[in-house]
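Reviewing the structure listed below.
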Amino acid sequence: MNDFWNVIAEFLKNFGTSVLESVALLLFGIIVIKLVARLLRAILKRTKVEGAAGSFVISIVQAALALILFFLIMDIFDIDTSSIITILAASGLAVGLALQDGLSNLASGVTILLTRPFKEKDHVKINDVEGIIRRIRLTTTEILTFDNVSILIPNKKVASSEIINYTNRPTRRVDIVISAPFESDPDTVKAALWELIKEEPSVLKTPAPSIILSEVAASAINYKVRMWVNTAHYWKVRNGFTEKVVRRFREKGIPLPYQKLSVIFAEKEGKDD
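Last residue of the sequence shown? That's 292 in our numbering, and every number before it is there in order.
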């Protein structure tokens, strides 16, 4: 029995301080990790990053802090951790090479969810793909095109592409080019277009709409109509305005332009044999 207590006494004499320091550091580290997780959860909630993405980010941070805590405790006991670090580094490198694309998509997905360049139901254009954001996952982004085709884009490609978001601003400008034949008086054409603009309730007064004669083309004169509307009304105004122009031009007697081709026959004078 005395031998047992002697062993305990010798252990406490040699490692007692280290044990107390490690226990204190462990308790302190656990508290810090919980506080950081709670703070991070609040930040993610404020930025509207929740669910699987939020849990994933918190888990990664907790694992990294726990690993740091482990090495600090090992250092208290003067345990050489170089071999452990080497094994972890080699394992991490092997896993990273094997899952390079997957990890890249995952990291890009977390970046997208944190920076929020778009959200679900936004109208976007990513490279040549245009449509409505249907779902944002950790590795892919799903876009529903306007012809009802679902397209999955890897987040690595999304993060490195030019992203055009048409709905993240409250207002949007409608640009429409209207053509009229050469024989039509520009003042008459502009007056008819201004009537339609004033009759459209969705057009905002500020910024003010405008009509400019933008181009004298091969077979018509082009007028550029610019109107600011709330983003929610963009397609209604854009799709309906051209149809209203056709009807108003007919009411005003303004002809619609069309392609003309003039063929001139030239007679060559010659002598009869």
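Even glycine gets a Cβ: it sits at the ideal position worked out from N, Cα and C.
Under three-state DSSP, which class holds residue i?
i      : result
PRO173 : strand
GLY150 : strand
THR158 : coil
ARG192 : strand
THR134 : helix
SER198 : strand
ILE273 : coil
VAL129 : helix
ILE98  : coil
THR186 : coil
VAL143 : strand
Compute the Euclidean distance between the alpha carbons of residue i and residue j, then round it to the nearest angstrom.
i      : j      : result
PHE260 : ALA227 : 17 Å
MET93  : ILE77  : 24 Å
ILE183 : ASN174 : 15 Å
SER229 : VAL196 : 12 Å
THR250 : ARG154 : 21 Å
LYS243 : LYS138 : 32 Å
ALA236 : ARG135 : 43 Å
ILE131 : ILE79  : 16 Å
GLU218 : LYS209 : 14 Å
THR159 : ASP97  : 45 Å
PRO200 : PRO189 : 36 Å
ALA361 : LEU54  : Residue 361 falls outside the range modelled here, since the chain spans only 20 to 292, and no answer is possible.
SER198 : GLU234 : 9 Å
GLY48  : GLN81  : 11 Å
TYR185 : ASN241 : 26 Å
SER180 : SER127 : 11 Å
LEU46  : LEU157 : 33 Å
LEU58  : ILE231 : 54 Å
Comparing the C-beta of residue i with each C-beta of chain B, is any distance below 8 Å?
i      : result
VAL265 : Absence of chain B from the displayed structure is noted, only one protein chain being present.
State buried or exposed for residue i, treating a residue as buried only when at least 16 other CB atoms are found within 10 Å of its CB.
i      : result
VAL51  : exposed
GLU87  : According to the sequence provided, residue 87 is Ile. The question's Glu does not apply to it. Under this definition ILE87 is an exposed residue.
VAL265 : exposed
ASN124 : buried
SER102 : exposed
TRP213 : exposed
ILE273 : buried
ARG191 : buried
ALA178 : buried
ILE106 : exposed
ILE162 : buried
TYR253 : buried
VAL129 : buried
How many whole angstroms separate the CB atoms of residue i and residue j, which I take to be in contact at a CB cut-off of 8 Å?
i      : j      : result
ILE172 : VAL148 : 7 Å
VAL248 : LEU223 : 6 Å
ARG267 : ALA211 : 5 Å
**Item:** Every unbroken beta strand (DSSP E) inside the segment 214-260 [3 residues or more]
**Value:** 229-235, 240-249
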